[in-house]
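The structure appears right after this line, and notes come after that.
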Amino acid sequence: MPKCLIILNPGAEEIETLAVADILCRAGVEVSIAASAETTVAGSRGLPLSASCKLADVAQEQWDAVYLPGGFGSAEYARDTNAVQDVIEQQLTSGRIMAIICASPMALIPRGLGKGKRITCYPALRETLEPEVQAWVDQPVVWDGNLVTSQGPGTAMALGLSLAAKLVDTATAQQVASDMLVAWSPAD
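For the working numbering, count along the sequence shown from 1 and bump the result up by 698.
Here it is in structure tokens:
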């Protein structure tokens, strides 16, 4: 069974966190939500979000995928926190999937991890990220090698399904989409 670690930072965007977690669980992926700070944090809209473990306890494990939800507070925290930066860098350099959505691609900046990569992000951050990457792409989900980025809450389901297709298989992702009444194709 493939494993995905979701990094829960203070200010994480609720839809981006839970939609992807739910879709991956439906697809049969083992999902662990790890807190980078407190195990229960306020999401970007104030809803409480809880983790099942601490990032420090699981950071050295090998994950098939690591996912960093957005939310501006979460993105700033990821950008400014060495423990989160270490996990992102380890995942990318190992060749395993690193998924990042919304404002959180700014976490690629401090260590130059976006250099030479095609990414997307929340459109309002395009000017911030464009100088730090090869190209900003105006698409809901963008894969560049083992890095996948997405734009925001409205694209979270497409990101979750795209991850499910890579981690499990396309047929499973299509079945999950169908069961959820979501129009999705592998190109999304």
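Backbone N, C-alpha and C define an ideal beta-carbon position, used for all residues, glycine too.
| query | Would you say GLU711 and CYS800 are within 7 Å of each other, going by their C-beta atoms? | reply | As a position in the sequence shown, residue 711 is number 13, starting the count at 1. As a position in the sequence shown, residue 800 is number 102, starting the count at 1. Yes.
| Can you check whether the CB of SER802 is closer than 7 Å to the CB of GLY850? | Counting from one through the sequence shown, the residue named residue 850 turns up at place 152. Counting from one through the sequence shown, the residue named residue 802 turns up at place 104. In this structure, GLY850 sits away from SER802, with a CB-CB distance that is not shorter than 7 Å.
| task | Would you list the residues sitting across from PRO746 in a DSSP beta bridge? | result | What you label residue 746 is simply residue 48 of the sequence shown in a count that begins at 1. Partner(s): ALA740.
| message | What does the alpha-carbon distance come out to for the pair GLY793 and ASN844? | response | Looking up residue 793 in the sequence shown gives position 95. Looking up residue 844 in the sequence shown gives position 146. C-alpha separation (whole angstroms): 6 Å.
| Contacting residues, own chain, Cβ-Cβ under 7 Å from MET659 (five flanking each side not counted) | It is not possible to answer for residue 659, since the shown part of the chain is limited to 699 through 886.
| request: Please state if the CB of PRO838 and the CB of ALA856 are separated by a distance shorter than 7 Å. | output: The residue given as residue 856 occupies position 158 in the sequence shown. The residue given as residue 838 occupies position 140 in the sequence shown. Result yes, Cβ atoms of ALA856 and PRO838 sit closer than 7 Å.
| request: Name the one or two DSSP bridge partners that SER730 has. | output: Residue mapping note: residue 730 aligns to position 32 of the sequence shown, counting from 1. According to DSSP, SER730 bridges with LEU703.
| Reference GLY756; option with closest CA among MET804, ALA781 and GLY852 | Within the sequence shown, numbered from 1, the residue matching residue 756 stands at position 58. Strictly speaking, residue 756 in this sequence is Val, with Gly absent from that position. Selection MET804, ALA781 and GLY852 evaluated against VAL756 yields ALA781 as nearest (Cα-Cα).
| query | So what does THR847 bridge to, in DSSP terms? | reply | Along the sequence shown, read from residue 1 onward, the residue named residue 847 stands at position 149. Beta-bridge pairing links THR847 to ILE798 and VAL840.
| beta strand (DSSP E) segment containing ALA719, residue limits | To locate residue 719, count along the sequence shown from 1; it is residue 21. Premise fails: ALA719 lies in the alpha helix (DSSP H), 712-724, not in any beta strand (DSSP E).
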